[in-house]
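The structure under discussion appears below in the form of structure tokens.
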Amino acid sequence: MIEKIFKLKKNNTTVKREITAGITTFMTMAYILAVNPSILSDAGMDGTAVLIATCLASFVGTACMALMANLPFALSAGMGLNAFLAYTIVGNMGYSWQIALLAVFIEGIIFLVMSLTNIREAIFNAIPITLKTAVSVGIGLFIAFIGLQNAGVCVDNGSTLVSITNFTENFSTSGICALLALCGTMITFILHLKKVSGSVLIGILVTWAAGMVCQLAGIYTPDPENGFFSLFPHLGMTDFSAFSETFGQCFKADFTNVDIFNFIVIIFSFLFVDLFDTLGTLIGVSSKAKMLDKNGRLPAIKPALLSDSVATTVGAVFGTSTTTTFVESSAGVAVGGRTGLTALTTAFLFLISIFFAPVFTAIPSFATAPALIVVGFLMFSSISEIKFSEKNYTEAVPAYICIIAMPLFYSISEGISLGIISYTIINMACGKAKSIPPLIYVLSVLFVLKYIFL
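In this note's numbering, the protein residues as written are 16 to 469.
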């Protein structure tokens with residue numbers, strides 16, 4: 016049955032490898048179960064309800080990806096998009112979170128139509144192969160940067176925006192966490208180089224265990240007021256009655272003081288970011304996993320995009336911000352995940368995490384940071400496929416811009432948009448206008464308009 020559904024032999028993988036990959040992906044994503052309720056609570060939403068909604072939306076979206084597309088990608092509430100909802104739409108613009116969720120729901124419906132009419136697939140296929148490779152490289156740098164930030168190794172020092180942390184300052188909290196993350200990174204790299212199966216997952220567990228030992232020894236001291244909690248998980252049950260606080264609330268939005276033009280702008284803001292974050296993740300992870308065909312296309316792109324659309328629409332009804340394909344899926348791919356069985360494993364873990372959320376949310380960010388840093392290296396290695404010789408500069412320069420934009424602007428979609436705009440301008444200026452796909456011209460104009468109006 017499993018072989019028939021997921022075609023493991025065809026994809027040169029095994030049940031054990033797929034399940035290990037699914038667990039690895041979940042472990043690197045589990046932080047969203049703590050972070051998303053925290054962010055959306057700032058918008059006035061019930062934290063427990065958001066946690067349940069996040070788990071359910073992640074389960075539905077990831078299960079769809081597994082069964083409809085047979086791809087090892089997992090979905091959950093997108094970082095950045097949740098902050099946009101809480102701090103921009105609700106915080107700065109003053110709209111209710113119900114209005115914001117309605118915008119997410121409409122966005123999901125639009126994406127569903129776009130996926131059924133092949134618009135999103137056409138955009139995916141129109142992006143040049145060199146830029147697709149650049150997206151993979153850029154994502155590698157981006158997630159490594161996220162890992163260093165999550166571990167507290169990379170910090171804002173006020174003058175240079177980013178700097179390495181002072182390990183001796185607050186050593187019993189931030190200092191030891193950063194040190195453990197770096198040690199875990201070295202351990203994970205060594206395990207990977209020695210070809211140890213499940214090296215990324217082992218790295219997460221070893222780093223977490225080392226943290227618990229440090230807590231027992233008094234080297235690490237929990238400080239909940241500053242975000243440093245006990246590293247030991249505790250059993251607890253979730254209050255399911257809280258789910259009614261967010262379920263279906265997007266349909267009860269009060270439009271009394273809503274400006275229609277601003278509401279449309281909100282919808283299109285979600286559309287742009289979600290569309291190109293998702294495409295960027297699919298391109299980057301698929302490219303690294305060598306799932307693209309000789310023309311740079313992903314055979315199962317349509318059901319993958321449909322899964323993403325369904326997840327966003329359902330998630331808005333449940334009560335969470337835009338649900339999108341997670342770049343952390345690359346962690347599972349890095350340990351051998353190649354089919355939907357990886358995604359189905361992750362989906363199952365999201366489902367049962369509703370009952371044992373306190374256990375899963377106890378995974379500290381410094382323990383998952385090594386996985387992101389190591390996977391970042393694996394994705395960055397694709398840079399060797401980009402030809403940087405002078406005769407290929409019209410391809411290489413846009414790729415370079417795309418790569419550096421992702422970590423520096425903290426956005427996959429910004430990297431893609433700047434890469435496409437620069438690709439169009441440079442190739443037109445160098446007499447290669449006819450070689451540019453028509454859809455790339457359209458995207459370039461839309462991206463320019465986005466920077467002007469959004």
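Backbone N, C-alpha and C define an ideal beta-carbon position, used for all residues, glycine too.
Task: Cβ-Cβ distance between Tyr438 and Pro143 below 8 Å - done: Sequence index remark: in the sequence shown, residue 438 carries index 423 (1-based). Sequence index remark: in the sequence shown, residue 143 carries index 128 (1-based). In contact: Tyr438 and Pro143 (Cβ atoms closer than 8 Å).
Task: Host beta strand (DSSP E) of Ser428 (start-end) - done: Here residue 428 is taken as the residue at index 413 of the sequence shown, counted from 1. In this chain, Ser428 is not harboured by any beta strand (DSSP E); it is covered by the alpha helix (DSSP H) spanning 427-444.
- [ ] State the beta-bridge partners of Cys229 as determined by DSSP.
- [x] Residue numbering aside, residue 229 sits at position 214 when the sequence shown is read from its first letter. According to DSSP, Cys229 bridges with nothing at all.
Open item on the list: Can you check which of these residues, Leu246, Ala149, Asn107, is closest to Gly299 by C-alpha distance?
Closed with: For the purposes of this step, residue 299 is taken as the residue at position 284 of the sequence shown. Among Leu246, Ala149, Asn107, the Cα nearest to that of Gly299 belongs to Ala149.
- [ ] Please state if the CB of Gly430 and the CB of Gly478 are separated by a distance shorter than 8 Å.
- [x] Coverage of the chain is limited to positions 16 through 469, which leaves residue 478 absent and any answer about it impossible.
Open item on the list: Strictly by DSSP, which residues pair up with Cys169?
Closed with: Translated into the one-based positions of the sequence shown, residue 169 becomes position 154. Listed as beta-bridge partners of Cys169 by DSSP are Ile179.
- [ ] Note down the Cα distance separating Asn165 from Ile378, rounded to an integer number of angstroms.
- [x] Counting from 1 along the sequence shown, the entry for residue 165 is found at position 150. Counting from 1 along the sequence shown, the entry for residue 378 is found at position 363. Rounded to whole angstroms, Asn165 and Ile378 show a C-alpha spacing of 12 Å.
Open item on the list: Suppose contacts are defined by Cβ-Cβ distances below 8 Å. Is Ala58 in contact with Gly199 by that definition?
Closed with: Sequence index remark: in the sequence shown, residue 58 carries index 43 (1-based). Sequence index remark: in the sequence shown, residue 199 carries index 184 (1-based). For Ala58 and Gly199, no; Cβs fall outside 8 Å.
Task: Three CB pairs or more closer than 8 Å across the segment 221-236 and the segment 171-189 - done: These segments touch.
Open item on the list: So for Phe395, helix, strand or coil by DSSP?
Closed with: Within the sequence shown, residue 395 is the residue found at index 380, counting from 1. In this structure, Phe395 counts as helix in the three-state DSSP scheme.
- [ ] Starting from the Cα of Gly391, find the closest Cα among Val374, Leu146, Ile418, Tyr408 and give me that residue.
- [x] Within the sequence shown, numbered from 1, the residue matching residue 391 stands at position 376. The shortest Cα separation from Gly391 among Val374, Leu146, Ile418, Tyr408 belongs to Ile418.
TODO: For the alpha helix (DSSP H) containing Ser91, list its first residue and its last residue.
DONE: Position 76 of the sequence shown holds residue 91. Per DSSP, Ser91 belongs to no alpha helix (DSSP H); it is in the beta strand (DSSP E), 90-92.
TODO: Determine the contact status of Ala372 and Thr253, defining contact as a CB-CB distance below 8 Å.
DONE: Start at 1 with the first residue of the sequence shown, and residue 372 comes out as number 357. Start at 1 with the first residue of the sequence shown, and residue 253 comes out as number 238. Yes, the Cβ-Cβ distance between Ala372 and Thr253 is below 8 Å.
Open item on the list: Taking the alpha-carbon of Ala232 as reference, which of Phe41, Ile191, Ile134 has the nearest alpha-carbon?
Closed with: Numbered from 1 along the sequence shown, position 217 holds the residue referred to as residue 232. That would be Ile191, whose Cα lies nearest to the Cα of Ala232.
Open item on the list: Let me confirm a value: Asn27 is counted as buried when at least 16 other C-beta atoms fall within 10 Å, else exposed. Which label applies?
Closed with: Numbered from 1 along the sequence shown, position 12 holds the residue referred to as residue 27. Per the 10 Å Cβ criterion, exposed.
TODO: For the beta strand (DSSP E) containing Thr188, list its first residue and its last residue.
DONE: The residue labelled residue 188 in the question sits at position 173 within the sequence shown. First-last for Thr188: undefined, no H or E at that position.
Open item on the list: When you compare the CB positions of Met421 and Gly76, do they come within less than 8 Å of one another, or not?
Closed with: In the sequence shown, the residue the question calls residue 421 occupies position 406. In the sequence shown, the residue the question calls residue 76 occupies position 61. Result no, Cβ atoms of Met421 and Gly76 do not sit closer than 8 Å.
TODO: Work out the CA separation of Leu90 and Phe204 for me, nearest whole Å.
DONE: As a working note, residue 204 is residue 189 in the sequence shown. As a working note, residue 90 is residue 75 in the sequence shown. The straight-line gap from Cα to Cα measures roughly 26 Å.
Open item on the list: Taking only three categories from DSSP, how would you classify Thr271?
Closed with: The residue given as residue 271 occupies position 256 in the sequence shown. Correct three-state label for Thr271: coil.
Open item on the list: Between Phe74 and Leu366, how many whole angstroms is the CB-CB distance? I'm expecting something under 8 Å.
Closed with: Taking the sequence shown and counting its residues from 1, the one referred to as residue 74 is at position 59. Taking the sequence shown and counting its residues from 1, the one referred to as residue 366 is at position 351. With a beta-carbon spacing of about 4 Å, Phe74 and Leu366 fall inside the 8 Å limit used to define contacts.
Open item on the list: Less than 8 Å between the beta carbons of Thr39 and Ala346, yes or no?
Closed with: On the sequence shown, residue 39 is found 24 positions in, with the first residue counted as 1. On the sequence shown, residue 346 is found 331 positions in, with the first residue counted as 1. Ala346 is positioned such that its CB atom lies closer than 8 Å to that of Thr39.
Task: Euclidean distance between Cα positions of Ile441 and Tyr110 - done: For the purposes of this step, residue 441 is taken as residue 426 along the sequence shown, with counting starting at 1. For the purposes of this step, residue 110 is taken as residue 95 along the sequence shown, with counting starting at 1. Roughly 41 Å separates the two Cα atoms.
- [ ] Could you tell me how far apart the beta carbons of Ile451 and Ala268 are, in whole angstroms, since I believe they sit closer than 8 Å?
- [x] Position 436 of the sequence shown, counted from the start, is the residue given in the question as residue 451. Position 253 of the sequence shown, counted from the start, is the residue given in the question as residue 268. Not confirmed; about 42 Å, so no contact.
Open item on the list: Under 8 Å, with one C-beta from each stretch per pair, do the segment 254-262 and the segment 63-73 reach the 3-pair mark?
Closed with: A contact exists between the segment 254-262 and the segment 63-73.
- [ ] Please list, in chain order, all residues of the same chain as Leu194 whose beta carbon is under 7 Å from its beta carbon, the five residues on each side excluded.
- [x] What you label residue 194 is simply residue 179 of the sequence shown in a count that begins at 1. The answer, listed in chain order, is Phe182.
Task: N- and C-terminal bounds of the beta strand (DSSP E) containing Thr340 - done: Here residue 340 refers to the residue found at position 325 when the sequence shown is read from its first residue. Start and end: 338-340.
Task: C-beta atoms of Ser459 and Lys317 nearer than 8 Å - done: Counting from one through the sequence shown, the residue named residue 459 turns up at place 444. Counting from one through the sequence shown, the residue named residue 317 turns up at place 302. With contacts defined as CB atoms closer than 8 Å, Ser459 and Lys317 fail to qualify as a contacting pair.
Task: Three-state class that DSSP yields for Asp323 in the structure shown - done: By 1-based counting over the sequence shown, the position of residue 323 is 308. Three-state result, Asp323: helix.
Task: Under the three-state DSSP convention, the category Phe371 falls into - done: Residue 371 sits at position 356 when you count from the first residue of the sequence shown. Correct three-state label for Phe371: coil.
- [ ] Could you say which of Val221, Val457, Ala101 lies nearest to Ser336 if we only look at CA atoms?
- [x] For this step, residue 336 is matched to residue 321 along the sequence shown. If we check each option's Cα against that of Ser336, Ala101 comes out closest.
Task: Enclosing alpha helix (DSSP H) for Gly311 [first to last residue] - done: Within the sequence shown, the letter at position 296 stands for residue 311. First-last for Gly311: undefined, no H or E at that position.
Task: CA-to-CA distance, Asn277 to Ser284, given in whole angstroms - done: The sequence position of residue 284 within the sequence shown is 269, counting from 1. The sequence position of residue 277 within the sequence shown is 262, counting from 1. When rounded, the distance between both Cα atoms is 10 Å.
- [ ] Taking only beta-carbon positions, decide if Thr328 is within less than 8 Å of chain D.
- [x] Note that chain D does not occur in the displayed structure, where there is just one protein chain.
Open item on the list: What would DSSP say about Phe262, mapped onto helix, strand or coil?
Closed with: On the sequence shown, position 247 is the one that residue 262 refers to. Under the three-state reduction of DSSP output, Phe262 falls in the coil class, being neither helix nor strand.
Open item on the list: If you measure between the beta carbons of Ala315 and Ala84, is that distance less than 8 Å?
Closed with: As a working note, residue 315 is residue 300 in the sequence shown. As a working note, residue 84 is residue 69 in the sequence shown. Their beta carbons are under 8 Å apart, which means Ala315 touches Ala84 by this criterion.
Task: Other residues of its chain near Phe21: CB distance less than 7 Å, five sequence neighbours each side excluded - done: Against the sequence shown, residue 21 aligns to sequence position 6. Asn85, Thr354, Gly355, Leu356.
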